[in-house]
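K.L.:
Dumping the structure here so I can ask a few things about it.
There are 2 protein chains.
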Amino acid sequence: MKCEHNKACKDKCPCMEYCPLGSALKMIGGKWKIPILCALQKDGTTRYNELKQKVRGITNTMLASSLRELEEDGLISRTQYQEMPLRVEYCLTEQCDDLMPILNQLAFWGVKMHETKS
Amino acid sequence: MKCEHNKACKDKCPCMEYCPLGSALKMIGGKWKIPILCALQKDGTTRYNELKQKVRGITNTMLASSLRELEEDGLISRTQYQEMPLRVEYCLTEQCDDLMPILNQLAFWGVKMHETKS
DNA sequence: CCGAATCCTATAAGATACTG
DNA sequence: CAGTATCTTATAGGATTCGG
Numbered sequence: 126m127k128c129e130h131n132k133a134c135k136d137k138c139p140c141m142e143y144c145p146l147g148s149a150l151k152m153i154g155g156k157w158k159i160p161i162l163c164a165l166q167k168d169g170t171t172r173y174n175e176l177k178q179k180v181r182g183i184t185n186t187m188l189a190s191s192l193r194e195l196e197e198d199g200l201i202s203r204t205q206y207q208e209m210p211l212r213v214e215y216c217l218t219e220q221c222d223d224l225m226p227i228l229n230q231l232a233f234w235g236v237k238m239h240e241t242k243s
Numbered sequence: 126m127k128c129e130h131n132k133a134c135k136d137k138c139p140c141m142e143y144c145p146l147g148s149a150l151k152m153i154g155g156k157w158k159i160p161i162l163c164a165l166q167k168d169g170t171t172r173y174n175e176l177k178q179k180v181r182g183i184t185n186t187m188l189a190s191s192l193r194e195l196e197e198d199g200l201i202s203r204t205q206y207q208e209m210p211l212r213v214e215y216c217l218t219e220q221c222d223d224l225m226p227i228l229n230q231l232a233f234w235g236v237k238m239h240e241t242k243s
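Shown next, in the form of structure tokens:
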């Protein structure tokens, strides 16, 4: 992802070829990525249909495409077992384990913002 | 913003009435919020037309609406001087100052992810 | 100078049906 | 069981024009 920020950003982060902050936000952006990651963090390795139940309201279309993108970006890993019926399991990667505490800080900041307003 | 995550999330963050992580990501989401915040962080107090030049490619429509949302969310503050011609200046709030280091961690994580892939 | 209003386009998300 | 294919709808973003 090439940097679409500005000169200011280039001085602060290595935006010459790509923008790491923009890329990171894109990886976890959209409506369902965070809910999926939260579910996987809480329960560990989980199979497709379990995820569909735990992430309330998600459709097959969105779950499948979100999982594919998360895997392509290296946030989750997919394991398929050649059984009948088919079994496919997903879990967080180590890189994603590093991400979760940062998201936790962001959530904590969100709490502070909410308290400030009220 | 009500929580659209899942039961798992409710155990980890106070998602009963609102979801802080979802709210936080929404505040900085979209195409232009981060570039604007980066510009304001680097150069401090900046007026509207300066921002339009520094944030390359942004239109009046998007700059105005982004600034309005950022102000409503308490991330930036707007000061209008009754001069002619009109002068309006924007700068980060203290709450946003707390946010920037977290975004910096996210950017650093993005760098690590990129290095892992290559 | 600093935007708002309107209209148009592009992308994200959802519904439904179907398959290996 | 674990998805894909297709179609439709909703939302984000952009272009243009105008006003205080």
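In order, the protein sequence lines correspond to chains A and B. Okay, so the first sequence: first residue is 126 according to my numbering, each after it adds one. Okay, so the second sequence: first residue is 126 according to my numbering, each after it adds one. Using N, Cα and C, we set each Cβ at its ideal position, and we do this for glycine too.
Under 7 angstroms between beta-carbons, which chain B residues line up against Thr170 of chain A? List them in chain order, please.
P.N.:
Here the premise fails: no neighbours, minimum Cβ distance about 14 angstroms.
K.L.:
Kindly list, in the order they appear in chain A, the residues whose Cβ is closer than 8 angstroms to that of Met238 of chain B.
P.N.:
Correct list: Pro145, Ser148, Ala149, Met152, Asp198, Gly199 and Gln220.
K.L.:
Considering just the uninterrupted stretch of the alpha helix (DSSP H) at Arg193 of chain B, what are its terminal residues?
P.N.:
Residues Asn185 to Glu197.
K.L.:
Residues in the stretch 170 to 193 of chain A with C-beta within 8 angstroms of chain B's C-beta atoms, listed in sequence order?
P.N.:
So the close ones are Lys179, Val180, Arg181 and Gly182.
K.L.:
Assuming Ile161 of chain A and Ser190 of chain A form a contact by the criterion Cβ under 8 angstroms, report the distance between their Cβ atoms to the nearest whole angstrom.
P.N.:
Wrong, their Cβ atoms sit about 11 angstroms apart, outside the cutoff.
K.L.:
Under 8 angstroms, with one C-beta from each stretch per pair, do the stretch 190 to 207 of chain B and the stretch 231 to 242 of chain B reach the 3-pair mark?
P.N.:
Judged by Cβ distances under 8 angstroms, the stretch 190 to 207 of chain B makes no contact with the stretch 231 to 242 of chain B, as fewer than three pairs qualify.
K.L.:
Closer than 8 angstroms, CB to CB, is Leu244 of chain B near chain A or not?
P.N.:
Outside the shown range of chain B (126 to 243) lies residue 244 of chain B, about which nothing can therefore be said.
K.L.:
Mark Thr241 of chain B as exposed unless 16 or more other C-beta atoms lie within 10 angstroms of its C-beta, in which case mark it buried.
P.N.:
Thr241 of chain B comes out exposed.
K.L.:
Under a CB-based cut-off of 8 angstroms, is Met141 of chain A close to chain B?
P.N.:
Low per-residue confidence applies at Met141 of chain A: pLDDT is 42, beneath 50, and the placement is therefore not dependable enough to give any value.
K.L.:
Between which two residues does the beta strand (DSSP E) harbouring Cys298 of chain A extend?
P.N.:
Because chain A is modelled from 126 through 243, residue 298 of chain A falls outside the range shown and cannot be assessed.
K.L.:
Considering only C-alpha positions, which residue in the set B:Gly147, B:Tyr215, B:Ile183 and B:Met152 is nearest to Lys167 of chain B?
P.N.:
Measuring from the Cα of Lys167 of chain B, the nearest candidate turns out to be B:Tyr215.
K.L.:
Just the chain A side, please: which residues come within less than 9 angstroms of Leu195 of chain B by C-beta, in chain order?
P.N.:
Those do not exist, as Leu195 of chain B stays about 12 angstroms from chain A at its closest Cβ, beyond 9 angstroms.
K.L.:
In whole angstroms, what separates the C-alpha of Gln205 of chain B from that of Tyr173 of chain B?
P.N.:
Gln205 of chain B and Tyr173 of chain B: Cα-Cα distance of roughly 10 angstroms.
K.L.:
Tell me whether Ser243 of chain B sits in a helix, a strand or coil according to DSSP, three-state version.
P.N.:
Note: Ser243 of chain B maps to coil in three-state DSSP.
K.L.:
Give the residues of chain B in contact with Leu224 of chain A, contact being defined as C-beta atoms less than 9 angstroms apart.
P.N.:
Within chain B, the residues near Leu224 of chain A are Leu231, Trp234 and Met238.
K.L.:
Check the C-beta distance from Gly147 of chain A over to Ile227 of chain B and give it rounded, since I have them as a contact under 8 angstroms.
P.N.:
Between Ile227 of chain B and Gly147 of chain A the Cβ distance is about 15 angstroms, and since that is not below 8 angstroms, they are no contact.
K.L.:
When the Cα atoms are used, what is the spatial distance from Asn185 of chain A to Gly154 of chain B?
P.N.:
Rounded to the nearest angstrom, the two C-alpha atoms are 25 angstroms apart.
K.L.:
Is Ile153 of chain B helix, strand or coil by DSSP?
P.N.:
Coil, per DSSP.
K.L.:
Quick check on Gln205 of chain A: does DSSP put it in helix, strand or coil?
P.N.:
Strand at Gln205 of chain A.
K.L.:
Might you give, ordered along the chain, the residues of its own chain that have their beta carbon closer than 6 angstroms to the beta carbon of Thr170 of chain A, omitting 5 neighbours on each side?
P.N.:
Cβ neighbours of Thr170 of chain A beyond the five flanking positions: Glu214 and Cys216.
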